[in-house]
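See structure below.
Residue numbers (the numbering used here), protein chains in the order written: chain P, 1 to 344; chain S, 1001 to 1344.
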């Protein structure tokens, strides 16, 4: 199960806005089409955005000069351009900064050599993301019991990473381990990543699952239908405060009230230790039309109605039972334990 | 602003499934079409269902026998039939029981006279609902300060009652009083009564409002954008436990966590003192297809995905700051104070 491919310097992606109705693979030939694919959520999911952005630089290299000074300038501009596609998921910045670092460390080589190094580094980021998912899933699955009823939000599987996923990767692993999970899927308005993508992944993996409206989760918890909640993350501050898809904070408050474990699953690259606390994270505000129209259909409200569309929210670390990473499971006190485990 | 009309023994209703795109008035000529209109949510809102069901009996009377024994049998069957349309909103049962009582008290009169009495009682229920809304709005508006930011859920205005509404009626009243409210509207999945109906009513009344996804409410509360929450109710037990549109309990937990007043607004007819506590209330479970398709459009998930569709949830009275009724505002301890104020 893959959502992007890079072969012979050519980049392809599964257009996630067309799912689950159609499985359409598209070619990404320019940095502009890479930027657009991220901006329009055709490629999404914090870890996947990082890998895809790195490859978007790769497809741009042939258009860059072979004169070093000009090349460095073009490369820097390309990094900044891609970073402007989405503000919240840190993995985008992390992956591009890795390319930047690889270039800095090899700045005395020829441009031709440097271009090869960039491609090598992008492929390494990709391979690492796949193995990161594996490690994270192993650590996470150890927290899940047999026949557990797990609630999840948005999409965090093989469509959100280049591996098997973060939160959903943990669930896939419990299935492989014969633990027989049942998954309740928040549809995740406005863009319905839960309904469109997570339900599709769980169907492909033949895992028992039920789609619910986001506002039903509380009722299910009240009726003891949920044993644990696992979500992904777009950026985690040094304090453990976590930015993730809008609706995550709601679930965290509900989990606290109902005394249900609330897990965040994210690779090391999702941590941003330059930020002390959640309030420092930029929350992307998107066009209200995504709320006013469901998947581009007719207006669901009067045309003149104003809609607010915050794409993410902030969950304070105090509401998080544990953060599942590829380096291990992090428990409170987060500030100390994140500092000890996460390094990049 | 009206949502049903009864004139010269003819019943008409605004088809709410067509809003906000089209304002389509339909004629209800038979009890079967009345039942269907309620079942399919063409006429909805707990108080409005009660009034409309009473009138649905009225349009049925000409088809009933003038022989008393046969008439009583037909009348009883008609009541039971309409009661089967929806299980949770008690106002439906309350209004039909009022007709039943009026008939019982006049059983010695001629069938012709009894039929006139039924029509008179239905019109009385209608008039009372209008004045009930007025009284409730007066009591509720006194709780709201100038420039308050109010969150509401589902639809509780002139489309949900035959008057100006319950929760929304309170908001309309604060506008009339010059208090300048700002309303945040939960879109209210799956059937989007907030987006389709509440946004439409607020637009008609020129009240400043913003549509949000249901999963955004927590983020707004965290960011101190909400001063109070007002919702309606479909049934309130003797304990004050309240059944209302799915998502209400979620808001109540969030309000508790963020220390925001959480008000339920409902007329006396919404109380069901025969039930001691919320767990005794029947929660309507509707077809999962309402979740899987938004307003009858294409599937938002794989066709094979199973969806859960609980139409209502239960809010324990401990999470309710006050219940606003046409008899006054009820504060805890609810059991005692409801018993003192509510009588029917």
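The C-beta atom is built at its ideal place from N, Cα and C for all residues, glycine as well.
Collapsed DSSP secondary structure at residue i in the structure displayed
| i | result |
| --- | --- |
| residue 1273 of chain S | coil |
| residue 1027 of chain S | strand |
| residue 229 of chain P | strand |
| residue 14 of chain P | strand |
| residue 1067 of chain S | coil |
| residue 2 of chain P | coil |
| residue 1294 of chain S | coil |
| residue 299 of chain P | strand |
| residue 307 of chain P | strand |
| residue 224 of chain P | coil |
| residue 155 of chain P | coil |
| residue 43 of chain P | coil |
| residue 120 of chain P | helix |
| residue 132 of chain P | helix |
| residue 1098 of chain S | helix |
| residue 1127 of chain S | helix |
| residue 1073 of chain S | helix |
| residue 203 of chain P | helix |
| residue 21 of chain P | coil |
| residue 57 of chain P | helix |
| residue 1198 of chain S | helix |
| residue 164 of chain P | coil |
| residue 278 of chain P | helix |
| residue 340 of chain P | helix |
Residues bridged to residue i [DSSP beta-bridge criterion]
| i | result |
| --- | --- |
| residue 329 of chain P | P/324 |
| residue 183 of chain P | P/150, P/209 |
| residue 242 of chain P | P/236, P/315 |
| residue 107 of chain P | DSSP lists no partner for residue 107 of chain P. |
| residue 1264 of chain S | S/1231, S/1323 |
| residue 1007 of chain S | S/1010 |
| residue 1285 of chain S | S/1310 |
C-beta contact flag for residue i and residue j at 9 Å
| i | j | result |
| --- | --- | --- |
| residue 1217 of chain S | residue 1251 of chain S | yes |
| residue 315 of chain P | residue 241 of chain P | yes |
| residue 1307 of chain S | residue 1272 of chain S | no |
| residue 44 of chain P | residue 160 of chain P | yes |
| residue 1110 of chain S | residue 1076 of chain S | no |
| residue 223 of chain P | residue 1214 of chain S | no |
| residue 1058 of chain S | residue 1006 of chain S | yes |
| residue 340 of chain P | residue 310 of chain P | no |
| residue 1297 of chain S | residue 194 of chain P | no |
| residue 1 of chain P | residue 164 of chain P | yes |
| residue 1257 of chain S | residue 253 of chain P | yes |
| residue 1103 of chain S | residue 1270 of chain S | no |
| residue 157 of chain P | residue 168 of chain P | yes |
| residue 1048 of chain S | residue 1079 of chain S | no |
| residue 3 of chain P | residue 228 of chain P | no |
| residue 1294 of chain S | residue 291 of chain P | no |
Residue i CB to nearest heavy atom of the ligand GDP below 8 Å
| i | result |
| --- | --- |
| residue 298 of chain P | Judged by which ligands are present, the structure shown has none, so any question about the ligand GDP falls away. |
Report yes or no: do three or more beta-carbon pairs, one from the region 1231-1242 of chain S and one from the region 1265-1275 of chain S, lie closer than 8 Å?
With a cut-off of 8 Å, the region 1265-1275 of chain S and the region 1231-1242 of chain S count as touching, because enough Cβ pairs lie within range.
Spell out a yes or no on whether the region 1139-1157 of chain S and the region 1109-1116 of chain S are touching, meaning 3 or more CB-CB pairs, one atom from each, closer than 8 Å.
No, they do not touch.
Interface residues of the region 1292-1324 of chain S facing chain P [CB-CB below 9 Å]:
Within the region 1292-1324 of chain S, the qualifying residues are 1292, 1294, 1295, 1297, 1298, 1299, 1300, 1301, 1302, 1303, 1304, 1305, 1306, 1307, 1308, 1309, 1310, 1312, 1313, 1314, 1316.
Does the count of Cβ pairs from the region 83-97 of chain P and the region 42-58 of chain P closer than 8 Å reach three?
With a cut-off of 8 Å on Cβ pairs, the region 83-97 of chain P is in contact with the region 42-58 of chain P, counting three or more such pairs.
Contact between the region 120-134 of chain P and the region 9-17 of chain P (3+ Cβ pairs under 8 Å)
No, because fewer than three Cβ pairs between the region 120-134 of chain P and the region 9-17 of chain P fall closer than 8 Å, the two stretches do not touch.
Are the region 200-213 of chain P and the region 246-253 of chain P in contact at 8 Å, needing three or more beta carbon pairs?
Not touching, per the Cβ criterion.
Any residues in the region 1232-1254 of chain S with a beta carbon nearer than 9 Å to a beta carbon of chain P? Which ones, in chain order?
The region 1232-1254 of chain S vs chain P, Cβ under 9 Å: 1245, 1246, 1247, 1248, 1249, 1250, 1251, 1252, 1253, 1254.
Mind checking the region 1014-1039 of chain S against chain P and listing, in chain order, the residues whose C-beta falls within less than 8 Å of any C-beta there?
Result list: 1020, 1021.
Using Cβ-Cβ distances below 8 Å, what residues of the region 1203-1219 of chain S are close to chain P?
Answer in chain order: 1203, 1209, 1210, 1211, 1212, 1213, 1214, 1215, 1216, 1217, 1218, 1219.
Do the region 1164-1174 of chain S and the region 1132-1143 of chain S make contact, defined as three or more Cβ pairs closer than 8 Å?
Yes, they touch.
Check whether the region 174-191 of chain P touches the region 1276-1288 of chain S, taking contact to mean three or more Cβ pairs, one atom from each stretch, closer than 8 Å.
No, the region 174-191 of chain P does not touch the region 1276-1288 of chain S.
Touching or not, the region 285-304 of chain P and the region 1194-1203 of chain S, by the rule of three or more beta carbon pairs under 8 Å?
The way I'd put it, the region 285-304 of chain P does touch the region 1194-1203 of chain S; three or more beta-carbon pairs between them come closer than 8 Å.
Against chain S: residues of the region 149-173 of chain P by CB proximity under 7 Å:
Look at the region 149-173 of chain P: it has no residue with a C-beta under 7 Å from a C-beta of chain S.
Scan the region 1257-1281 of chain S for residues whose Cβ lies nearer than 9 Å to a Cβ of chain P and list them as they occur along the chain.
Of all residues in the region 1257-1281 of chain S, 1257, 1258 have a Cβ within less than 9 Å of some Cβ in chain P.
Residues, ordered as in the chain, of the region 36-64 of chain P that lie near chain S by beta-carbon distance below 7 Å
Result list empty, no residue passes.
Identify each residue in the region 188-202 of chain P for which the Cβ-Cβ distance to at least one residue of chain S is less than 7 Å, and report them in chain order.
Listed in chain order, the positions of the region 188-202 of chain P with a beta carbon within less than 7 Å of a beta carbon of chain S are 189, 190, 192, 195, 196, 199, 200.
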